[in-house]
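Residue numbers (this note's numbering): 7 to 378.
Think of the CB as a built atom: it goes at the ideal place given N, C-alpha and C, for glycine as much as any other residue.
Since the structure is predicted, the reported quantities are computational estimates derived from the model, not experimental observations.
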């Protein structure tokens, strides 16, 4: 069954915010405070965008405005009303999924509150988009290009001969990839730093029927539309209810914190993850330590290095080519599969602007060289 297990230092099992008494837990109170801030920030930013759209329509001359009135008499103002309805849908979704009916705890406001407040709203919007791609019909094509090959590679190289094999999925987002891996018979640990994404995952995995939740993840994306209501469409999640005997444990944690200790895995599966930290070599060394000899690391990604331009913490940040990554990994891994996958990643499938990646898909087997 979907499980959480026992808590450990540096990591929190998903569901704790909803299940625990936040009044007796400063850590959970802080997490719940941040969730309320994210919801409020997202609403304020969306209202500002809707107000901007309405103001720009009002600024048009009567002649130009009439050019936009459709043949069936639909007024552009109805589009603004549609955005307001979509926001109301998202508010209900966030309240239901994050269980924000509990009042926010009263905590001292940190000095960097204003910048973090805006950032929290952006993260909530990002999480809704990822949920739509992972758990609705919006992402069927994308998942077929990315999730299916990773699951098949694990099945090829980790046959179920001595019982279920353990697989770790870092940066698991809203946990569709871990769920598909578990459906294939593996015992899966899913690790995600974003609490919002963890709670989204917790809710959809526990859903007893399909299309339990509805959100409008593109409501503010008024650019690059083919049809005028494209940004108002709903994504209904989950699009499938997976077997309840599948084993997924969800963790709210940083990957490096999560893998402290002696725990080892038969496999690790990553999707646009390996380059997501400050220094990719740190992740490679961690993989060499936690994957059992004969175990497998499967990954698809385009080496974007999104975090490596952040000099705020003066961390070592190197952006290596695929050849250099492969060279560093070859000390502890033997590469058995490698190909280029043409794919999209967390992309609005109806947008007129999409980024097509030539991502590297590879399978590497942990050799017998001991990690030092």
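- Distance from residue 219 to residue 180 at the Cβ level is roughly 11 Å; contact not present, criterion being Cβ atoms closer than 8 Å.
- If only uninterrupted alpha helix (DSSP H) runs of at least 4 residues are considered, those enclosed by the stretch 222 to 304 are 261 to 264, 286 to 296.
- Boundaries of the alpha helix (DSSP H) around residue 334: 328 to 335.
- Secondary structure of residue 375 (DSSP, three-state): coil.
- Rounded to whole angstroms, the gap between the alpha carbons of residue 306 and residue 313 is 18 Å.
- Apart from sequence neighbours up to five positions away, the residues of its chain that approach residue 248 with a beta-carbon distance below 6 Å are 185, 189, ordered along the chain.
- Within the same chain, 222, 225, 238 come within 6 Å of residue 92 by CB-CB distance, once the 5 residues on both sides are set aside.
- For residue 280, the CB contacts under 7 Å within the same chain, skipping 5 residues up- and downstream, are 286, 289, 305, 307 in chain order.
- Under the three-state reduction of DSSP output, residue 76 falls in the coil class, being neither helix nor strand.
- With respect to the 9 Å criterion, residue 196 and residue 207 are classified as neighbours on the basis of their beta carbons.
- The distance from the Cβ of residue 173 to that of residue 160 is about 6 Å, consistent with a contact at the 8 Å cut-off.
- In this structure, the beta-carbon distance from residue 177 to residue 76 does not fall below 9 Å.
- Taking 9 Å as the cut-off, the Cβ atoms of residue 230 and residue 354 count as close.
- For residue 196, the enclosing beta strand (DSSP E) starts and ends at 193 to 198.
- Of all alpha-carbon atoms in 265, 55, 367, the one lying nearest the alpha-carbon of residue 344 is that of 367.
- Buried is the label assigned to residue 273, since at least 16 other Cβ atoms lie within 10 Å of its Cβ.
- Proximity to residue 335 across 52, 302, 271, 277 peaks at 302, based on C-alpha coordinates.
- From the listed residues 165, 137, 216, the smallest Cα separation to residue 183 is found for 137.
- It is roughly 36 Å from the alpha-carbon of residue 78 to the alpha-carbon of residue 140.
- Counting along the chain, residue 174 sits inside the beta strand (DSSP E) bounded by residues 172 to 176.
- When secondary structure is reduced to three states using DSSP, residue 132 falls in the helix class.
- By the neighbour-count criterion, in which a residue is buried when 16 or more other Cβ atoms sit within 10 angstroms of its Cβ, residue 69 is exposed.
- As computed with DSSP, residue 306 is found in a beta bridge with 277, 367.
- When 204, 55, 134 are compared, the shortest CA-CA separation from residue 260 is found for 204.
- Between residue 127 and residue 46, the CB-CB gap stays under 9 Å.
- Apart from the 5 residues on each side of it in sequence, residue 99 sits with its Cβ closer than 7 Å to the Cβ of 219, 220, 221 in its chain, given in chain order.
- In the DSSP annotation of this structure, the continuous segment of the alpha helix (DSSP H) that includes residue 202 starts and ends at 201 to 212.
- With 16 or more other Cβ atoms inside 10 Å of its own Cβ, residue 171 counts as buried.
- Cβ-Cβ distances below 8 Å link residue 82 to 63, 71, 74, 75 in the same chain, with the five nearest sequence neighbours on each side left out; the list follows chain order.
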